[in-house]
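Taking it in order: structure first as structure tokens, then the write-up.
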Amino acid sequence: MTALARTLSAEVLKLRGTLASWMCVIAPLLVVTLYVLQMSFIDYGHRPVAPPAQAWSMFAQSAMVMWALLMLPLFVTLQAALLAGLEHGPDRWKHLLALPLPRSAHYLAKTLVLAAMVAFATMSMVVLVPIGGAVLGWVQPKSGIAGAPPWDLLVSRSLACTAAAMLIVALHTWASIRWRSFTVAVSFGMTATVAGFLIGQSARFGKFYPWSLPLQVHAADGRFTTWAVTAGLVGGLLVTTAGAIAFARREVQ
Numbered sequence: 199m200t201a202l203a204r205t206l207s208a209e210v211l212k213l214r215g216t217l218a219s220w221m222c223v224i225a226p227l228l229v230v231t232l233y234v235l236q237m238s239f240i241d242y243g244h245r246p247v248a249p250p251a252q253a254w255s256m257f258a259q260s261a262m263v264m265w266a267l268l269m270l271p272l273f274v275t276l277q278a279a280l281l282a283g284l285e286h287g288p289d290r291w292k293h294l295l296a297l298p299l300p301r302s303a304h305y306l307a308k309t310l311v312l313a314a315m316v317a318f319a320t321m322s323m324v325v326l327v328p329i330g331g332a333v334l335g336w337v338q339p340k341s342g343i344a345g346a347p348p349w350d351l352l353v354s355r356s357l358a359c360t361a362a363a364m365l366i367v368a369l370h371t372w373a374s375i376r377w378r379s380f381t382v383a384v385s386f387g388m389t390a391t392v393a394g395f396l397i398g399q400s401a402r403f404g405k406f407y408p409w410s411l412p413l414q415v416h417a418a419d420g421r422f423t424t425w426a427v428t429a430g431l432v433g434g435l436l437v438t439t440a441g442a443i444a445f446a447r448r449e450v451q
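Residue numbers (this note's numbering): 199 to 451.
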């Protein structure tokens, strides 16, 4: 078994039953549930019922925008801090780094586990959005939702959003491991998320801000998807490489 495989296996074992593992389901479920509740209590009045395909598309895109704009950056922030806290809290770094394994393997394992959590949570929207839409169509027929959900849209946008999020995954892995304080790691992410809420709406600067890259997948009818995916993957790879090198050279106190 390679060094990276061994560290990954250890990370998975440590995550069993933790808040971090449960959040992979709770976070996307919360987004869809809240949006369904919001749409259920809207007064549709005498407005004409939208065609089913249009109603499904609007519902799916709105739910995924809520995930990309608000919940996803906060999800990455919390998960990264919780993952690093597994070692910071009991002061396990000294023990881990005394093992006959490359230091970079521990850093890469944290990054890959966080990336897998983000992928699982984001791709969960492919299942949760249709369920939420079906519930909304039942409780609020005037929503116009009926028939089959837009599977192509759900899968393509979720995959692209996952790829675009890899840069913030890399940034938060670095920040959460660099500073022992849970407060510092979370404050860093919350500040970046709030800034992203404002910058992400800018046509000029939004597509260059790391925390708004997942949102760019849904902006302008997907016009910036290729850019967001490329920037997320390439930027994530560069930041992860730099972070692993710095971690390997750093003295752990």
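All C-beta atoms, glycine included, are put in the ideal place defined by N, C-alpha and C.
DSSP-derived helix/strand/coil call for residue i
i, result
"Gly345", "coil"
"Leu299", "coil"
"Gln277", "helix"
"Trp377", "coil"
"Ile443", "helix"
"His244", "coil"
"Arg355", "helix"
"Arg402", "coil"
"Gln338", "coil"
"Gly420", "helix"
"Tyr305", "helix"
"Thr216", "coil"
"Ser260", "helix"
"Arg226", "Before going further, note that residue 226 is Pro rather than Arg in the sequence given. Helix."
"Arg204", "helix"
Residues near residue i in its chain [Cβ-Cβ closer than 6 Å; skip 5 each side]
i, result
"Ala317", "Thr360"
"Ala225", "Met269, Phe273, Ala319"
Straight-line Cα distance separating residue j from residue i
i, j, result
"Arg378", "His286", "6 Å"
"Arg290", "Thr438", "21 Å"
"Gly140", "Pro348", "With the chain running from 199 to 451 in the structure shown, residue 140 is simply not present."
"Ser400", "Gln259", "19 Å"
"Leu268", "Val230", "12 Å"
"Thr428", "His244", "44 Å"
"Pro249", "Val210", "45 Å"
Same chain only: Cβ atoms within 8 Å of residue i, ignoring 5 sequence neighbours per side
i, result
"Leu227", "Ser322, Leu326"
"Met262", "Met323, Val327, Leu352, Arg355, Ser356, Cys359, His416"
Residue i Cβ short of 8 Å to the ligand SAH heavy atom set
i, result
"Ile443", "In terms of ligand content, the structure shown is empty, and the ligand SAH therefore cannot be addressed."
Same chain only: Cβ atoms within 7 Å of residue i, ignoring 5 sequence neighbours per side
i, result
"Ala266", "Cys359, Pro412, Leu413, Val415, His416"
"Val247", "Lys340, Gly342"
"Ser410", "Gly394, Ile397, Gly398, Gly404"
Do three or more CB pairs link the region 331-350 to the region 245-255 at distances below 8 Å? yes
Is the region 368-375 touching the region 327-335 in the sense that three or more CB pairs, one from each, lie closer than 8 Å? Counting C-beta pairs closer than 8 Å gives fewer than three between the region 327-335 and the region 368-375, which falls short of the contact rule.
Given 8 Å, three or more beta-carbon pairs between the region 421-433 and the region 389-400: no
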